[in-house]
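Our numbering puts the last residue of the sequence shown at 380; the count rises by one with no breaks.
All remarks here apply to the structure that follows.
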Amino acid sequence: MGGIYIHIPFCKRKCSYCDFYSVAAKSDSMERYVKAVIDEAEMRIGELGGAEIKTMYVGGGTPSLLSAEQLSQLIGGVRGQLTTDAVQEMTIEVNPDDITDEYALMLHKIGFNRVSMGVQSFNDDELQFINRRHTAQQATDAVNRLRAAGFDNISIDLIYGIPKQTQQTWRESVNQAIALDVQHISCYCLSYEEGTRLYMMRKLGKITECSDEECVAMYSTLVELLKKAGYEHYEISNFAKAGKRSMHNSNYWNFTPYLGLGAAAHSYDGKNRRYNPSNIKEYAEKIGSGATAYTTESEEDWQRYNELVMIRLRTTEGLEAKSIERKFGQDLYRYFVKNAERHVNAGNLSKNDGHYRLSEAGVMLADMVIRDVIYVE
Ligand code: SF4
Numbered sequence: 004m005g006g007i008y009i010h011i012p013f014c015k016r017k018c019s020y021c022d023f024y025s026v027a028a029k030s031d032s033m034e035r036y037v038k039a040v041i042d043e044a045e046m047r048i049g050e051l052g053g054a055e056i057k058t059m060y061v062g063g064g065t066p067s068l069l070s071a072e073q074l075s076q077l078i079g080g081v082r083g084q085l086t087t088d089a090v091q092e093m094t095i096e097v098n099p100d101d102i103t104d105e106y107a108l109m110l111h112k113i114g115f116n117r118v119s120m121g122v123q124s125f126n127d128d129e130l131q132f133i134n135r136r137h138t139a140q141q142a143t144d145a146v147n148r149l150r151a152a153g154f155d156n157i158s159i160d161l162i163y164g165i166p167k168q169t170q171q172t173w174r175e176s177v178n179q180a181i182a183l184d185v186q187h188i189s190c191y192c193l194s195y196e197e198g199t200r201l202y203m204m205r206k207l208g209k210i211t212e213c214s215d216e217e218c219v220a221m222y223s224t225l226v227e228l229l230k231k232a233g234y235e236h237y238e239i240s241n242f243a244k245a246g247k248r249s250m251h252n253s254n255y256w257n258f259t260p261y262l263g264l265g266a267a268a269h270s271y272d273g274k275n276r277r278y279n280p281s282n283i284k285e286y287a288e289k290i291g292s293g294a295t296a297y298t299t300e301s302e303e304d305w306q307r308y309n310e311l312v313m314i315r316l317r318t319t320e321g322l323e324a325k326s327i328e329r330k331f332g333q334d335l336y337r338y339f340v341k342n343a344e345r346h347v348n349a350g351n352l353s354k355n356d357g358h359y360r361l362s363e364a365g366v367m368l369a370d371m372v373i374r375d376v377i378y379v380e
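Here is the structure:
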C-alpha cells in the first residue's frame, strides 16, 4: 500500500504566518510545472515497488489556482503511470474564494472525493489580520457549493491563538464549523516562524501573542465542543466524524511509503526520506534534463526513533512500546520506557496493552511529554 503527494507551490498572496514554500501564481509557469510533475511521476513511480496506491493528496501552496485543464492533465498524467488503480481517497487543498459552482463540480468530475479547505477563522477581522484572501461568508458559501457538487468528505482547517482573538470569537468559529456539518476539522495553534511577516511584527513589538494559558483554554474549548458534536479526536490536531479520518495523513502516521512529487515535496520509501528542492526553477531544470531532483537523507536509528515517538504519541492509538524494541533494539526501548513511566506516574500518559497514550491532561502538555521521551545525541 502507498500514497502519492503532489505539491503545488503557487499562491496568490502570502498569509502572514506561512513559511511554506510558494511563489506568485502565473498561468504559463503553472502549465510548465504540471508537465514537469507528470514527467517526474513517470521517472519515479517505480520507487514504491509496485505497491497499490490507495491515496492521492494534492496540497500546497494553493492547488485550487490550477485551471480545470491543468488539474485534469495533472491527475490524468499521474494516474496514468499506475499499473493498477486502487485509489480510494483523493484529496485536494483549496482556498474558499476559488470555489465557484463550476469549479466544485469540476473537482468532483476529475475524481476528487475529499476536499481540505484552509478556512482558519470565521471572523473577518482575524482573517484580515493573518492576510487571508477570503471572508468568513466565502468560506461558508464554499462548503455549501462543495456539498451541492456531491462532496460528502469536506475538511476545514482552523487556527487558534491569533492575536486579539478572544475565547468568544474562537468559540464562534468552532461553532460555525460544527453548524456547517463538515466531516473533518484540523486545528493548529498559530506559530511564529522565522521569516514570516508575523514573526517580524512580534519582533518589532507591533503585536502581542496569545499567552500559553489562553491557547490552552482555546484548545480545551475546541476539544469539548467537537466531542459534544460527535467528532472523534483521533490525532492531537485532527477531529473526524465516524469513518471520515484522513486516510492519507493516517498513512503518514503509520509510516506507509509515499511518493512526493513537485518542488519541496518529500517522499518516504519505508527506509529513506527524499527531499525535492524548494525551488521551482531548480526542480524544473533537473526534471527537464531527464534526471530526478531529490536528495536522499539517511537517518540514524535514534532519529527514526524520535520520529516514531513524536508521531505516534499524537494519535489516539498511541505508541506500542514493543515496536521500538522490534525496530531499534533494547537500548532505545529501555530508554523510552524509563522516561515514559515518569509521565505515567504523573498522569500525563496512560498505558494499556503495551500502548502508551497521552491522557486528557497529557494532551495539554504534549510538547513537554514528547520532549522528555525523545532521544538527544
Ligand atoms: S494559502 Fe496556504 S500555502 Fe499559501 S501563503 Fe497562505 S497558508 Fe501559505
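Note that CB positions come from ideal geometry on N, CA and C, so glycine has one too.
Remember, it's a predicted structure, so these values are computed and weren't measured experimentally.
beta-carbon residue i near the ligand SF4 non-hydrogen atom, thresh 8 Å
{"i": "F23", "result": "yes"}
{"i": "G64", "result": "yes"}
{"i": "R200", "result": "no"}
{"i": "K274", "result": "no"}
{"i": "Y222", "result": "no"}
{"i": "K17", "result": "yes"}
{"i": "C192", "result": "no"}
{"i": "G121", "result": "yes"}
{"i": "N98", "result": "yes"}
{"i": "R82", "result": "no"}
{"i": "Y20", "result": "yes"}
{"i": "R135", "result": "yes"}
{"i": "C381", "result": "Residue 381 is absent from the model: the chain starts at 4 and stops at 380."}
Cβ pair residue i, residue j closer than 9 Å
{"i": "S176", "j": "S124", "result": "yes"}
{"i": "L262", "j": "H10", "result": "no"}
{"i": "F258", "j": "Y237", "result": "no"}
{"i": "A145", "j": "A107", "result": "yes"}
{"i": "Y378", "j": "L316", "result": "no"}
{"i": "G64", "j": "Y8", "result": "no"}
{"i": "K247", "j": "N156", "result": "yes"}
{"i": "K167", "j": "E217", "result": "no"}
{"i": "E96", "j": "S67", "result": "yes"}
{"i": "K325", "j": "G357", "result": "yes"}
{"i": "N282", "j": "S301", "result": "no"}
{"i": "W173", "j": "T224", "result": "yes"}
{"i": "S339", "j": "V376", "result": "According to the sequence shown, residue 339 is Phe rather than Ser. Closer than 9 Å, so yes."}
Top-ranked residue by Cα proximity to residue i, from the options
{"i": "I48", "options": "C21, V26, L74, V81", "result": "V81"}
{"i": "T295", "options": "Y278, L361, N254, N309", "result": "Y278"}
{"i": "M221", "options": "G121, A267, Y191, R276", "result": "Y191"}
{"i": "A21", "options": "I162, E235, A28, T143", "result": "Here the sequence assigns Cys to residue 21, which means Ala is not the residue at that position. C21 has its Cα closest to that of I162, out of I162, E235, A28, T143."}
{"i": "A89", "options": "G153, R374, K57", "result": "K57"}
{"i": "K231", "options": "S249, N342, K244", "result": "K244"}
{"i": "K29", "options": "I290, E196, L69", "result": "L69"}
{"i": "Q91", "options": "T103, N116, A44, F132", "result": "N116"}
{"i": "T86", "options": "V118, G53, T103, Y60", "result": "G53"}
{"i": "A266", "options": "E288, Y255, A151", "result": "E288"}
{"i": "D370", "options": "E328, A142, M313", "result": "M313"}
{"i": "E328", "options": "L311, E320, E344, T318", "result": "L311"}
Unbroken alpha helix (DSSP H) run spanning residue i, endpoints
{"i": "C218", "result": "215 to 231"}
{"i": "D375", "result": "369 to 376"}
{"i": "K354", "result": "Segment 352 to 355 is the beta strand (DSSP E) holding K354; no alpha helix (DSSP H) there."}
{"i": "V40", "result": "30 to 47"}
{"i": "T172", "result": "170 to 182"}
{"i": "G80", "result": "71 to 82"}
{"i": "L201", "result": "200 to 206"}
{"i": "Y271", "result": "Counting along the chain, Y271 falls outside any alpha helix (DSSP H), though it belongs to the beta strand (DSSP E) covering 269 to 271."}
{"i": "Y24", "result": "Premise fails: Y24 is in no alpha helix (DSSP H) and is neither H nor E."}
{"i": "N252", "result": "250 to 256"}
Segment limits, beta strand (DSSP E) that includes residue i
{"i": "I11", "result": "5 to 11"}
{"i": "N156", "result": "Premise fails: N156 is in no beta strand (DSSP E) and is neither H nor E."}
{"i": "G263", "result": "261 to 264"}
{"i": "Y195", "result": "Where Y195 is concerned, there is no enclosing beta strand (DSSP E), given that its DSSP letter is neither H nor E."}
{"i": "Y237", "result": "235 to 238"}
{"i": "V97", "result": "92 to 97"}
{"i": "I56", "result": "56 to 63"}
{"i": "N275", "result": "Run containing N275: none; DSSP gives neither H nor E here."}
{"i": "R2", "result": "Residue 2 lies beyond the stretch modelled for the chain, which goes from 4 to 380, so this question has no answer here."}
{"i": "A243", "result": "241 to 243"}
Cutoff 9 Å: residue i Cβ touching any chain B Cβ
{"i": "Y286", "result": "As a matter of chain content, chain B is missing from the structure shown, which is built from one protein chain."}
Segments of 4+ residues assigned as alpha helix (DSSP H) that fall wholly inside the stretch 105 to 149: Taking 4 residues as the shortest admissible run, the stretch 105 to 149 contains the following complete alpha helix (DSSP H) segments, listed from N- to C-terminal end: 127 to 132.
Complete runs of the beta strand (DSSP E) confined to the stretch 278 to 346 [at least 3 residues]: Within the stretch 278 to 346, the complete beta strand (DSSP E) runs of at least 3 residues are 298 to 300.
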